[in-house]
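**Q** The following block contains the structure, expressed as structure tokens.
Residue numbers (the UniProt record's numbering): 1 to 167.
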């Protein structure tokens, strides 16, 4: 079953590559519980089928990087990019796209959280394994307030401009 507006996002573990060691976060991949990350926050989340892929790198992620300040000015606490890749890949993609301080690059390496959402995409026949559908969601204190799932092969409703209009 696919998550819908009004549902609480399921808890799960996402990993993030931390570039600078701080108290509580070591250098390298760190695991975080979604419930803890979302508690008391407004999150603009968008998910992509894969890091470094064409539409994701040319349009989807750059749009959120460009609109980060505008989204935060409208009350968004954090912007999350989630992909079924490992934390090392997400960290490298974030460095390339200059996301630091703007977009958290969160990995769902085995697609476990994505499957809990019901938003997985089977790309096994294309040699890419199970991935995430392309979508965006506005999450307030763990509850989905907006959900924009793209039709297969499309990039029309999960972009940063749409999210900005929904906040």
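We treat Cβ as the ideally placed atom computed from N, Cα and C, and that holds for glycine.
Give me the Cα-Cα distance between residue 120 and residue 109, rounded to the nearest whole angstrom.
**A** 12 Å
**Q** Just the C-alpha distance for residue 132 and residue 111, rounded to the nearest angstrom, thanks.
**A** Taking the straight line from one Cα to the other gives about 7 Å.
**Q** Go ahead and label residue 83 buried or exposed: buried means 16 or more other beta carbons lie within 10 angstroms of its beta carbon, across all protein chains shown.
**A** buried
**Q** The alpha helix (DSSP H) that contains residue 88, what's its start and end?
**A** 87-97
**Q** Starting from the Cα of residue 103, find the closest Cα among 124, 128, 63 and give me that residue.
**A** When only C-alpha atoms are compared, the closest one is 63.
**Q** Find out if the Cβ-Cβ distance for the pair residue 65, residue 20 is shorter than 8 Å.
**A** no
**Q** Quick one: grab the DSSP three-state call for residue 100.
**A** coil
**Q** Out of 7, 71, 128, point me to the one whose CA is closest to residue 164's CA.
**A** Nearest of 7, 71, 128 to residue 164, Cα basis: 71.
**Q** Which first and last residues belong to the beta strand (DSSP E) in which residue 57 is found?
**A** That residue, residue 57, is in no beta strand (DSSP E); it is neither H nor E in DSSP.
**Q** When the distance is taken between beta carbons, is residue 129 closer than 8 Å to residue 138?
**A** No. Outside cutoff.
**Q** Is residue 2 buried or exposed, if buried means 16 or more other CB atoms sit within 10 Å of its CB?
**A** exposed
**Q** Which residues bound the beta strand (DSSP E) around residue 191?
**A** Missing from the structure shown is residue 191; the chain here goes from 1 to 167 and no further.
**Q** Is the stretch 73-89 close to the stretch 38-49, with three or more CB pairs under 8 Å?
**A** yes
**Q** Measuring CB to CB, does residue 5 end up less than 8 Å from residue 144?
**A** Yes, these two residues count as a Cβ contact at 8 Å.
**Q** From residue 13 to residue 28, what does the alpha carbon distance come to, in whole angstroms?
**A** 16 Å
**Q** Between the beta-carbon of residue 78 and the beta-carbon of residue 43, is there less than 8 Å?
**A** yes
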